[in-house]
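Q: Numbering-wise, the first sequence is residues 20 to 136 according to our numbering. Glycine included, C-beta positions come from ideal geometry on N, C-alpha and C. The model shown is predicted, which means the values in this text are computed figures rather than measured ones. My questions all concern the structure below.
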Amino acid sequence: MPTTEGRGRKLPPEFPELVLGVVRRIPKGRLASYGQVAVLAGFPGRPRQVGMVLKGLPQGSRVPWHRVVNNLGHIPSQGRHWSALEQARRLQAEGIPVNADGELDLEAHRWRPRVAS
DNA sequence: TTGTTGACGGTTT
DNA sequence: GAAACCGCCAACA
20 MPTTEGRGRK LPPEFPELVL GVVRRIPKGR LASYGQVAVL AGFPGRPRQV GMVLKGLPQG
80 SRVPWHRVVN NLGHIPSQGR HWSALEQARR LQAEGIPVNA DGELDLEAHR WRPRVAS
């Protein structure tokens, strides 16, 4: 049955939910990259769509989307319309040091989901 | 309808 | 070791 699963070329309407579910699973003081969230959500190779979903999140969302950064360990748009500076401040409040450049130690706080082991 | 952009990632030169 | 290019797919103009 073609649930169009597996290589479903099209993104299911639940994509945002899956992404939010993964992001919500990020523990405090931990960081995750867009690609990582995409893979955990079950859509490897689509980090941009993940960003697009987070972009459409309202400010009242309980999703710790501020814990999601790019693989470079750097917060984007640092000065654009987006309030990246405020998010960086939140990360510091979680115990994650952020440079004035908007860079942070991703590897030092990389979220490690249980891979079975 | 087609073309371009985009909270990015990975690979190659 | 660093920089540049390409690729994925969806939403927007």
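1) Going residue by residue through the stretch 48-80, where are the continuous alpha helix (DSSP H) segments of at least 4 residues, counting only ones entirely within it?
2) For Gln111 and Arg67, what's the separation of their Cα atoms in angstroms?
3) Give the C-beta separation of Trp130 and Arg43 to the nearest angstrom, bearing in mind that I take them to be a contact with Cβ-Cβ under 8 Å.
4) Just checking my contact of Ser52 with Leu125 at CB under 8 Å: how many whole Å lie between their CB atoms?
5) Near Pro35, which residues of its chain fall below 7 Å by C-beta distance, leaving aside the five closest residues on each side in sequence?
6) For Glu33, which three-state DSSP category applies?
7) From the DSSP output, in three-state form, read off Val42 for me.
8) Identify whether Leu104 lies in helix, strand or coil by the three-state DSSP scheme.
A: Let me spell this out:
1) 53-60, 66-74
2) 25 Å
3) Not quite, the Cβ-Cβ distance comes to about 12 Å (not below 8 Å), so this is no contact.
4) 7 Å
5) Val72
6) coil
7) helix
8) helix
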